[in-house]
Amino acid sequence: MEFKFRDQFSLGVASAATQIEGGECGHNWNDWYHKGKIKDHSNPAHATDHYNLWEQDAELMAKMKIRYYRLGVEWARICPKEGEVDVAAVAHYRDELNFLEEKGISILLTIHHFTNPMWFEQKGGFTKKENLHYYLDFVALIIEAYGDVVSEYITINEPNVYATNSFYFGEWPPGEKSALKAFAVMSNMTICHIKAYRLIHSMRRNMGFQDTKVSFANHVRVFDAKNPKNPWHRICAKLLERLFQGAVTEVMLTGKFKWPLRRDKEISPGEYCDFIAINYYTRTTVSGFGDGTKQDAPKNDLGWEIYPEGLLRCAEKIYHILERPIYITENGTCDNRDTFRCRYIFEHLKVITESDLPITRYYHWCFCDNFEWIEGESARFGLVHVNFTTEERTVKRSGEFYTRIIEQQGVTNDLYEQYVESQKYNV
Ligand code: BGC
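Residue 1063 in my numbering sits at position 76 of the sequence shown; the count goes up by one each step and never skips.
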């Protein structure tokens, strides 16, 4: 049951500003909470209070031997009003980034992770092409402020998840239900990514840096026909794959437009990522135009299928489009009692070590339990348990296991027996 990582493979953890920081900062998730839309009524203004506890969190991370951290900045906090910059917030993140570096933790910075300031949202946000310069202004501000500290960036997190949840399913703010709008948002986000890619490179080049790395975090899942012999299931699986992730992946990486996304004359074919960033969680089993889950398959506490091989199937497809080093920028599971997370981590890392793909990083989602969007505080994905009343952090057994894996650069038989062997998934 043993495996060892290759050289050039590192483990880290990921988070997102809105999910951990807390605070009433005038963003669309603060607003969504006030509209009563969070299933368990928990408040993102509460979250893990990381905005105040950041030093403690960085210290815990270092103590857990974690050396790579993907984190985000909150646009609404830095730009509370149109054209206004909160210099204290800018300085706050700078302190945090410097502190992480001092602790030997290398940073991958996400510029946009689902959340918009309300002033941007009220103008129509990413649905309107004339608004995109606001996002690009923010990118420029981030590079000006942190370009000397951070060399690796994620321009946008999961444009497909953002667009579909917010504009197709209507479950996330602003709660619209229009496929056309969802595709318009995806199209606009591809423009944002490609322009941000160029901008970050040129700004850091002008600052004298040659080590810039930029990508977008691509949420991908496997779409398999429920019955592979059924042509309708197969057609739907292919179509859903294209609509949800195929088109947006290709356009963002190559600038070559693909149906159903809209062509844009400002974007030309090129290569728009320095590493492939994959967020992988699950597989969808398709028998029509909706989400389905394979029966009798292992599942997490949100009912998502646990399917480790899918990570490689997705990675292979993308690598085929553009050969770049691959970072798994998110992978993790909702396991509220931490009874199968060790097995989950073990199985996903194992398939990675068995693959020939150049996967060089793995960021576990996530460091500590946090505000899981519409699920609120009820869906726990963390390696570290958070008591949401006292904000006390306690390293979970899976967190302990993660540290041991980092120390040993793999999993030994002893570790397997101690942490994984007895764990079982839900079915
Ligand atoms: C998102 C995270 C989220 C995680 C688990 C990803 O799609 O980027 O923000 O918490 O999934 O649902």
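Cβ coordinates follow ideal geometry from the N, Cα and C atoms, glycine included.
Whole-Å CB distance - residue i paired with residue j, under 8 Å assumed
{"i": "Val1273", "j": "Ala1234", "result": "Not confirmed; about 17 Å, so no contact."}
{"i": "Glu1168", "j": "Thr1114", "result": "It should be noted that the sequence gives Lys, not Glu, for residue 1168. The Cβ separation is near 6 Å, so the contact holds."}
{"i": "Arg1391", "j": "Leu1047", "result": "In fact, because the Cβ distance is near 16 Å, the residues do not count as touching under 8 Å."}
{"i": "Asn1266", "j": "Thr1236", "result": "Going by Cβ atoms, the distance from Asn1266 to Thr1236 rounds to 12 Å, so no, they are not a contact pair."}
{"i": "Gly1297", "j": "Arg1208", "result": "7 Å"}
{"i": "Val1338", "j": "Pro1285", "result": "Rounded, the Cβ-Cβ distance is 14 Å, inconsistent with contact."}
{"i": "Arg1192", "j": "Ile1130", "result": "In fact, because the Cβ distance is near 11 Å, the residues do not count as touching under 8 Å."}
{"i": "Thr1005", "j": "Phe1375", "result": "That belief does not hold up - the Cβ atoms of Thr1005 and Phe1375 are roughly 15 Å apart, past 8 Å."}
Cβ shell of residue i (< 8 Å), same chain only, five flanking positions each side left out
{"i": "Ser1165", "result": "Phe1154, Tyr1155"}
{"i": "Leu1309", "result": "Leu1240, Thr1241, Glu1258, Cys1260, Ile1263"}
{"i": "Leu1370", "result": "Val1000, Met1051, Arg1328, His1351, Cys1353, Phe1354, Cys1355, Val1382, Lys1383, Ser1385, Gly1386, Tyr1389"}
{"i": "Leu1289", "result": "Cys1321, Glu1362, Ala1366"}
{"i": "Leu1084", "result": "Ile1094, Leu1096, Tyr1133, Val1136, Val1137"}
{"i": "Gly1091", "result": "Ala1049, Arg1054"}
{"i": "Cys1301", "result": "Val1207, Arg1208, Val1209, Ile1265, Tyr1267"}
{"i": "Thr1151", "result": "Ala1169, Phe1231"}
{"i": "Val1072", "result": "Ile1065, Cys1066, Leu1128"}
{"i": "Glu1228", "result": "Phe1210"}
{"i": "Leu1119", "result": "Phe1113, Asn1175, Ile1178, Cys1179, Lys1182"}
Beta-carbon proximity list for residue i, same chain, < 6 Å, skipping 5 on both sides
{"i": "Ser1342", "result": "Leu1299"}
{"i": "His1180", "result": "Thr1142, Ile1143, Phe1203, Met1239"}
{"i": "Arg1367", "result": "Asn1323, Asp1356"}
{"i": "Asp1251", "result": "Ile1178"}
{"i": "Leu998", "result": "Tyr1349, Ile1393"}
{"i": "Arg1249", "result": "Ser1174"}
{"i": "Val1407", "result": "Cys1329, Arg1330, Phe1333"}
{"i": "Glu1139", "result": "Leu1095, Lys1200"}
{"i": "Ile1315", "result": "Ile1265, Tyr1349"}
{"i": "Phe1107", "result": "Tyr1121"}
{"i": "His1188", "result": "Thr1199"}
{"i": "Glu1163", "result": "Phe1154, Gly1157"}
{"i": "Leu1402", "result": "Arg1391"}
{"i": "Phe1086", "result": "Ala1045"}
Which residues DSSP lists as bridging residue i, in chain order
{"i": "Trp1360", "result": "Trp1360 is not bridged to any residue."}
{"i": "Ala1204", "result": "Asn1144, Ala1264"}
{"i": "His1335", "result": "His1335 is not bridged to any residue."}
{"i": "Phe990", "result": "Val1398"}
{"i": "Cys1419", "result": "The first residue shown for the chain is 988 and the last is 1414, placing residue 1419 beyond what the model contains."}
{"i": "Pro1104", "result": "His1014"}
{"i": "Thr1271", "result": "Phe1210"}
{"i": "Cys1355", "result": "Val1371"}
{"i": "Val1172", "result": "DSSP lists no partner for Val1172."}
{"i": "Lys1252", "result": "The partner list for Lys1252 (beta bridge, DSSP) is empty, contrary to what the question assumes."}
{"i": "Asn1413", "result": "Lys1286"}
{"i": "Glu1139", "result": "Leu1095, Lys1200"}
Start and end residues, beta strand (DSSP E) containing residue i
{"i": "Gln1059", "result": "It is Gly, not Gln, that sits at residue 1059 in the sequence shown. From DSSP, the beta strand (DSSP E) with Gly1059 extends over 1055-1059."}
{"i": "Tyr1350", "result": "1346-1352"}
{"i": "Ile969", "result": "Since the first and last residues shown for the chain are 988 and 1414, residue 969 lies out of range."}
{"i": "Gly999", "result": "997-1001"}
{"i": "Glu1069", "result": "Per DSSP, Glu1069 belongs to no beta strand (DSSP E) and is neither H nor E."}
{"i": "Val1371", "result": "1371-1374"}
{"i": "Glu1292", "result": "Careful: Glu1292 lies outside any beta strand (DSSP E) and carries neither H nor E."}
{"i": "Thr1326", "result": "It is not in any beta strand (DSSP E) - Thr1326 carries neither H nor E in the DSSP assignment."}
{"i": "Thr1381", "result": "1379-1382"}
Extent of the continuous alpha helix (DSSP H) to which residue i belongs
{"i": "Asn1015", "result": "1015-1021"}
{"i": "Arg1229", "result": "Here Arg1229 belongs to no alpha helix (DSSP H), and DSSP marks it neither H nor E."}
{"i": "Ser1093", "result": "It is not in any alpha helix (DSSP H) - Ser1093 instead sits in the beta strand (DSSP E) that spans 1093-1097."}
{"i": "His1033", "result": "Per DSSP, His1033 belongs to no alpha helix (DSSP H) and is neither H nor E."}
{"i": "Arg1300", "result": "1296-1308"}
{"i": "Asp1124", "result": "1119-1133"}
{"i": "Trp1062", "result": "1062-1065"}
{"i": "Ile1007", "result": "1004-1007"}
Contacting residues, own chain, Cβ-Cβ under 7 Å from residue i (five flanking each side not counted)
{"i": "Gln1396", "result": "Lys991, Phe992"}
{"i": "Gly1319", "result": "His1351, Trp1352, Cys1353, Phe1368"}
{"i": "Lys962", "result": "With the chain represented from 988 up to 1414, any question about residue 962 goes unanswered, as that position is not in the structure."}
{"i": "Ala1076", "result": "Arg1064, Ile1065"}
{"i": "Asn1030", "result": "Tyr1020"}
{"i": "His1213", "result": "For clarity, residue 1213 is Lys in the given sequence; the question names His instead. Within the same chain, Lys1213 has close Cβ partners His1220, Thr1272, Val1273, Ser1274, Gly1279."}
{"i": "Asn1147", "result": "Met1173, His1206, Phe1231, Gln1232, Val1235"}
{"i": "Lys1116", "result": "Asn1175"}
{"i": "Lys1182", "result": "Leu1123"}
{"i": "Asn1017", "result": "Glu1011, Pro1031, Ala1032"}
{"i": "Asn1400", "result": "Met988, Glu989"}
{"i": "Ser1255", "result": "Gly1242"}
Heavy atom of the ligand FMN within 7 Å of residue i beta-carbon
{"i": "His1206", "result": "Looking at this structure, you won't find the ligand FMN anywhere; what it does contain is the ligand BGC."}
Q) Do the region 1115-1125 and the region 1033-1050 make contact, defined as three or more Cβ pairs closer than 8 Å? A) no
**Q.** Cβ contact (3+ pairs, closer than 8 Å) linking the region 1065-1072 and the region 1019-1035
**A.** no
Q: Evaluate contact between the region 1026-1036 and the region 1006-1016, counting only Cβ atoms and requiring at least three cross-stretch pairs below 8 Å.
A: yes
Q) Three or more C-beta pairs closer than 8 Å, one from the region 1092-1106 and one from the region 1055-1065: is that the case here? A) yes
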